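Novice: Please see the structure below; I have some questions.
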Amino acid sequence: MGKNKKSKQSGQNQAKKQKKEEEKKHSHDASCGDDHDHDHNHEQEEEVNEGPQLTPQEKAQQYKDMQLQIYNNFLKDFQDDEKTLLIEPAHHFAEKLRDNEKREKEEFKKVEKILKKDAGEIEELYQNVSAQSSNVNQLKAFRDRIAKTITEITKQQKSNAKQQQICSNQDQLVNKMKSEIQSSMNKKNMLANLCNGLLDKNYDLYMKHEQMLEDEKKQRQGLASQFQEQMSEVTKELEQQKQARGQELKENQEIRSKIQKAITDYKVKEEDYRSKMESHGKIIQEIEKKLKHTIDGSINKTVKEAEQEKTKFQKSCNNVAELSNKINDFMQKFDKIKDEMSENGKKFEHYQMSVETKKLEMQAVETEIQNILLSEQKIHKFMKEGEEEKKRLSAQIDALRNLKDALLVQLNNLEDQQSEKENSANITNSTATE
Numbered sequence: 001m002g003k004n005k006k007s008k009q010s011g012q013n014q015a016k017k018q019k020k021e022e023e024k025k026h027s028h029d030a031s032c033g034d035d036h037d038h039d040h041n042h043e044q045e046e047e048v049n050e051g052p053q054l055t056p057q058e059k060a061q062q063y064k065d066m067q068l069q070i071y072n073n074f075l076k077d078f079q080d081d082e083k084t085l086l087i088e089p090a091h092h093f094a095e096k097l098r099d100n101e102k103r104e105k106e107e108f109k110k111v112e113k114i115l116k117k118d119a120g121e122i123e124e125l126y127q128n129v130s131a132q133s134s135n136v137n138q139l140k141a142f143r144d145r146i147a148k149t150i151t152e153i154t155k156q157q158k159s160n161a162k163q164q165q166i167c168s169n170q171d172q173l174v175n176k177m178k179s180e181i182q183s184s185m186n187k188k189n190m191l192a193n194l195c196n197g198l199l200d201k202n203y204d205l206y207m208k209h210e211q212m213l214e215d216e217k218k219q220r221q222g223l224a225s226q227f228q229e230q231m232s233e234v235t236k237e238l239e240q241q242k243q244a245r246g247q248e249l250k251e252n253q254e255i256r257s258k259i260q261k262a263i264t265d266y267k268v269k270e271e272d273y274r275s276k277m278e279s280h281g282k283i284i285q286e287i288e289k290k291l292k293h294t295i296d297g298s299i300n301k302t303v304k305e306a307e308q309e310k311t312k313f314q315k316s317c318n319n320v321a322e323l324s325n326k327i328n329d330f331m332q333k334f335d336k337i338k339d340e341m342s343e344n345g346k347k348f349e350h351y352q353m354s355v356e357t358k359k360l361e362m363q364a365v366e367t368e369i370q371n372i373l374l375s376e377q378k379i380h381k382f383m384k385e386g387e388e389e390k391k392r393l394s395a396q397i398d399a400l401r402n403l404k405d406a407l408l409v410q411l412n413n414l415e416d417q418q419s420e421k422e423n424s425a426n427i428t429n430s431t432a433t434e
């Protein structure tokens with residue numbers, strides 16, 4: 001009995017250690033389940049960004065499979081505990097029954113030996129009595145021996161009745177333990193149904209959440225397409241303005257070419273006028289020479305007329321010089337305007353390119369900000385759901401642990417009662433044999 005108790009206690013301690021390790025592992029999986037899920041969810045998002053996009057149904061199914069794996073691990077631990085609860089009492093009571101049967105066989109063998117011995121002694125006494133019927137001492141010994149045999153038979157019957165009572169008590173305890181195990185199994189089934197209901201509800205909520213995210217994604221895509229259309233319209237307007245400015249530049253070039261042509265024509269006319277004036281001066285000089293020789297009296301008059309003509313010529317020359325200076329100033333101003341227009345065109349092209357690059361950079365930054373905000377919202381929401389699920393699972397785990405502890409306490413109480421009954425039975429047997 002002592003060896004059986006020690007082996008049973010060592011087996012129970014090993015089973016308890018294994019259960020604690022499994023519970024720690026399971027609690028770590030349950031506590032890290034949604035953090036994983038998320039940190040896991042973040043890894044899944046990276047994989048999704050790298051690979052093909054998942055539909056909301058596929059994402060919800062993936063989340064459901066993950067939660068179902070956690071639930072199956074928990075259920076497996078509970079089933080292992082259930083098996084240990086079913087196996088340990090059955091093994092214990094089977095050992096008790098084997099010990100009782102062995103004890104009964106030994107007692108029956110002892111009784112058979114005693115009966116055979118008493119039968120031999122009684123037969124011998126009977127033969128002696130029949131041979132010497134006058135011996136009173138032998139008759140007394142024969143009577144005492146028969147009385148002793150009867151008392152031993154009654155003691156053995158009482159011990160057998162006690163043993164049968166112990167067996168009936170053991171059967172009652174076994175039935176009680178089976179009923180308690182059945183009630184715990186019913187509770188387990190109820191908790192399993194509750195977990196399945198919660199899992200289905202969680203799947204529906206996750207499905208709605210993914211559908212909402214898909215709708216938001218479609219709306220964002222619509223807004224992005226609308227923004228792209230507006231940007232295309234703006235670029236078209238800028239192209240039209242660029243074409244208009246190019247047309248204006250072309251017209252300015254044509255005007256400049258016309259002005260240059262007019263200037264060249266004016267220069268040609270000026271050269272013709274100068275040549276004419278030179279020829280006219282030569283004619284005047286010849287006339288002066290002729291008049292100087294022919295008309296000395298009219299020299300002063302002709303000189304005055306010549307001086308008048310000379311002053312007129314000088315005035316006309318001065319006018320031509322002023323006009324040429326004005327034309328040169330106008331050409332310089334036109335060149336400055338042309339340079340400024342070319343610089344403005346280059347600045348406009350550079351500005352347009354910088355505006356387009358800034359727009360593209362703004363679009364990239366806005367998309368990155370939107371992706372970051374969406375991922376942050378997903379992470380916060382998923383962490384919140386994970387914390388709620390963790391609280392639910394921890395509450396269920398605590399309830400099942402309390403149930404398991406209560407069953408272990410009941411089992412230990414039953415074992416203590418059984419050991420006390422065995423000790424009392426051994427004490428009574430020892431006193432009876434004495």
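First residue of the sequence shown: 1, per the numbering used here; consecutive thereafter. All C-beta atoms, glycine included, are put in the ideal place defined by N, C-alpha and C. Small disclaimer: the values here were computed from a predicted structure and weren't measured.
1. Out of curiosity, what's the CA-to-CA distance linking Ile-337 and Glu-356?
2. With hydrogens ignored, establish whether the beta-carbon of Ser-354 is closer than 7 Å to any heavy atom of the ligand HEM.
3. As a quick exercise: from Gln-377, Ile-181 and Asn-202, pick the residue whose alpha carbon is nearest that of Glu-388.
4. From Ser-183, Asp-200, Asn-196 and Lys-110, pick the residue whose C-alpha is nearest to that of Asn-435; which is it?
5. Are the segment 407-421 and the segment 174-192 touching, with three or more C-beta to C-beta distances below 8 Å?
6. Kindly give me the distance between the Cβ atoms of Gln-396 and Leu-191, rounded to whole angstroms, as I take these residues to be in contact under 8 Å.
7. Quick one: complete beta strand (DSSP E) runs, 3+ long, within the segment 369-409?
8. Under the three-state reduction of DSSP, which class applies to Thr-149: helix, strand or coil?
9. Where Asp-329 and Lys-347 are concerned, what is the direct C-alpha to C-alpha distance, given to the nearest angstrom?
10. My output table needs one value for Thr-311: the three-state DSSP class, helix, strand or coil.
11. Could you check whether Lys-162 and Ala-425 sit closer than 8 Å to each other, using their CB atoms as the reference points?
12. Using a threshold of 8 Å, state whether the C-beta atoms of Met-212 and Lys-359 are closer than that.
13. How many Å lie between Asn-175 and Ile-166 at the Cα?
14. Since Leu-414 and Leu-173 are thought to touch, with beta carbons under 8 Å apart, how far apart are those beta carbons, to the nearest angstrom?
15. Under the three-state reduction of DSSP, which class applies to Thr-235: helix, strand or coil?
16. For Asp-416, I'd like the list of residues in its chain whose CB is within less than 8 Å of its CB, leaving aside the five on either flank, ordered along the chain.
17. In angstroms, rounded to a whole number, what distance separates the CA positions of Lys-378 and Asp-200?
18. According to the Cβ coordinates, are Arg-220 and Gln-363 closer than 8 Å?
19. For Leu-437, count the other beta carbons within 10 Å of its own beta carbon; 16 or more makes it buried, fewer makes it exposed. Which is it?
20. If you drop the 5 nearest sequence neighbours on each side, which residues of the same chain put their C-beta closer than 7 Å to that of Glu-248?
21. Taking 7 Å as the limit between beta carbons, can you name the residues of its chain near Ala-406, skipping five residues before and five after?
22. Give the DSSP-derived three-state secondary structure of Leu-360 in the structure shown.
23. Return yes when the Cβ of Leu-198 is within less than 8 Å of the Cβ of Gln-352, no when it is not.
24. Mapping the DSSP letters down to three states, classify Leu-54 as helix, strand or coil.
25. In angstroms, rounded to a whole number, what distance separates the CA positions of Glu-106 and Glu-152?
26. Leaving out the 5 sequence neighbours to the left and right, which residues in its chain are closer than 6 Å to Leu-241 when beta-carbon positions are compared?
27. Considering only the alpha carbon of each residue, which of Lys-217, Asn-196 and Thr-428 lies closest to Asp-65?
28. Return the CA-CA distance between Glu-366 and Ala-262, expressed in angstroms with no decimal places.
29. Could you tell me whether any Cβ in chain B is nearer than 8 Å to the Cβ of Gln-165?
30. With 16 as the cutoff for other CB atoms within 10 Å, does Gly-386 come out buried or exposed?
31. From Asn-186 to Asn-193, what distance separates their C-alpha atoms?
32. Among Thr-55, Ala-147 and Asn-169, whose alpha-carbon lies nearest the alpha-carbon of Ser-419?
Specialist: Taking the coordinates as given:
1. 28 Å
2. Summarising the ligand content, the structure contains no ligands, and the ligand HEM is consequently not present.
3. Asn-202
4. What the structure shows of the chain is the stretch from 1 to 434, and residue 435 is not part of that stretch, so it cannot be assessed.
5. Judged by Cβ distances under 8 Å, the segment 407-421 makes contact with the segment 174-192, as three or more pairs qualify.
6. 7 Å
7. none
8. Three-state result, Thr-149: helix.
9. 26 Å
10. Helix.
11. The Cβ atoms of Ala-425 and Lys-162 lie closer than 8 Å to each other.
12. no
13. 14 Å
14. Right, the Cβ-Cβ distance comes to about 6 Å (below 8 Å), so this counts as a contact.
15. helix
16. none
17. 21 Å
18. no
19. One cannot answer for residue 437 here, as it falls past the ends of the chain, which runs 1 to 434.
20. Around Glu-248, the same chain offers no residue with a beta carbon nearer than 7 Å, after the five sequence neighbours per side are excluded.
21. none
22. Here Leu-360 carries a helix assignment [DSSP, helix/strand/coil].
23. no
24. coil
25. 15 Å
26. Reading the sequence as shown, one finds Gln at residue 241 and not Leu. Excluding sequence neighbours, Gln-241 sits near nothing in its chain.
27. Asn-196
28. 57 Å
29. Of the protein chains in the structure, only one exists, and it is not chain B.
30. buried
31. 11 Å
32. Asn-169
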